[in-house]
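Encoded as C-alpha cells, the structure appears first; notes follow it.
In our numbering, the protein residues as written are 3 to 185.
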C-alpha cells in the first residue's frame, strides 16, 4: 500500500468543483481491471483517512462507484457500482456527519433512518443493501449523494450552511486534512 500521506493527497477537498458534478454510470457488462483498480485505490484512500465511505468524485473519478466499510476493524468493505436508492423512509434522524472532502468539520444532517439500495458488485451482480437506524444507513445516503453532486452541506438550512462553511475555512486555515473531524 502506498504511504498514508500519498493516499490522503488523493482525496479531493472542497471547494473542488468535481464535488458538485453528476457522475456517469459504469458499464456493468464490462467491469474490468481498471474499475477494480479504482475500487482498491478508493479503499486504500478511505482506510488511510480512517473514513467509513468514499465516492468516486472524492478521488477525482467521475464514475458511479462507492466504497464503504463501517466496521471498526476495517474488514468488511463494500464496493457499490451504479448505486440507486430505492427506498428512503422511516423516522428522520439527525446525525453528526463528517466528510473526507470537508476535513475538520462535522455537521448535523437529517436523513431517513431506513434505506434500501440496489447496486452492482465488482462481478457485475445486482445486489440489494438494506440498512436501518445505523451508520450504514447514513453512509449509503451520504456517499450516493456525492455521485449526484450533493454534499452534506446541501442538506443544511442556508444559515447553517454559512456557519459550516465558516468553520470549514477556519479548519482549512489550521491545516485540516482528510480524516480529521470537527467537534
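Glycine included, every Cβ here is placed at the ideal spot set by N, Cα and C.
Hey, residue i and residue j: beta-carbon distance below 8 angstroms or not?
{"i": "residue 59", "j": "residue 21", "result": "yes"}
{"i": "residue 47", "j": "residue 61", "result": "yes"}
{"i": "residue 174", "j": "residue 166", "result": "no"}
{"i": "residue 155", "j": "residue 109", "result": "yes"}
{"i": "residue 72", "j": "residue 138", "result": "yes"}
{"i": "residue 89", "j": "residue 117", "result": "yes"}
On a Cα-Cα basis, can you pick out the residue from the options that is closest to residue i?
{"i": "residue 93", "options": "76, 77, 70, 133", "result": "133"}
{"i": "residue 43", "options": "91, 136, 70", "result": "70"}
{"i": "residue 151", "options": "63, 77, 49, 12", "result": "63"}
{"i": "residue 75", "options": "54, 90, 91, 89", "result": "54"}
{"i": "residue 49", "options": "77, 35, 29", "result": "77"}
{"i": "residue 135", "options": "145, 91, 18", "result": "91"}
{"i": "residue 17", "options": "105, 162, 145", "result": "105"}
Leaving out five residues before and five after residue i in sequence, what residues of the same chain have Cβ atoms less than 7 angstroms from its Cβ?
{"i": "residue 140", "result": "97, 99, 113"}
{"i": "residue 102", "result": "13, 51, 53, 56, 60, 180, 181"}
{"i": "residue 24", "result": "150, 151"}
Quick one: residues in its chain with C-beta nearer than 8 angstroms to the C-beta of residue i, no 5 flanking neighbours on either side, listed in chain order?
{"i": "residue 124", "result": "33, 37, 38, 41, 81, 83"}
{"i": "residue 31", "result": "126"}
{"i": "residue 121", "result": "68, 82, 83, 84, 85, 86, 128, 129, 131"}
Which same chain residues, not among the five before or five after residue i, have their C-beta less than 6 angstroms away from its C-beta?
{"i": "residue 119", "result": "85, 87, 131, 142"}
{"i": "residue 27", "result": "66, 84"}
{"i": "residue 5", "result": "Interpretation of residue 5 is limited by its pLDDT of 49, a score under 50 that renders its predicted location unreliable; the figure taken from the coordinates is listed afterwards. Excluding positions up to five away in sequence, the list is empty."}
{"i": "residue 95", "result": "115"}
{"i": "residue 45", "result": "69, 79"}
{"i": "residue 15", "result": "103"}
On the DSSP bridge list, what partners appear for residue i?
{"i": "residue 163", "result": "DSSP output for residue 163 lists no bridge partner at all."}
{"i": "residue 69", "result": "56, 81"}
Q: Just list the beta strand (DSSP E) runs in the region 71-157, keeping only unbroken ones of 3 residues or longer that don't cross its boundaries, in chain order.
A: Fully enclosed beta strand (DSSP E) runs of 3 or longer: 80-99, 109-122, 128-134.
(Q) List, from N- to C-terminal side, the alpha helix (DSSP H) runs of 4 residues or more that fit wholly inside the region 25-56. (A) Here the runs fully enclosed are 35-50.
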